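Numbering (the numbering used here), first residue to last: 93 to 231. Glycine included, each C-beta is placed from N, C-alpha and C at the ideal position. Note that the structure is predicted; figures quoted are calculated from it, not measured.
Dropping the structure here:
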């Protein structure tokens, strides 16, 4: 089983971007709490494409990720995501007893969604080319 969680902005008008440090602390707290209680689970996240800011959200999340415990590993098929404008990833605790199965399931799901690579998005690249570096990455 792979869980997902969502956050959304409320209140501010669209187009007004104010950085609030509390948002970072809230999101990181939720993630750390999740893995404290669920070491054998995984968490999939996707960055909202609202206002064309998915890439920015992904960069910000990656920056936050590097501030938290190294016990949580992040897997992002960046090449695919950049080419189709979709940003997100998989978070897995390093002590997850089923981490290899979850990581493989994550990439198999991507392969099922894009069986011919991302040609349908106007880019000719195979899914194997995209995920090869992640298959070989040590956990």
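query: Would you kindly check if the distance between the Cβ of residue 156 and the Cβ of residue 183 is under 8 Å?; result: no
query: Could you give the distance in angstroms between the alpha-carbon of residue 169 and the alpha-carbon of residue 153?; result: 15 Å
query: Which runs of the beta strand (DSSP E) spanning at least 3 residues fall entirely within the segment 114 to 192, listed in chain order?; result: 134 to 138, 164 to 167, 180 to 185
query: Quick check on residue 198: does DSSP put it in helix, strand or coil?; result: helix
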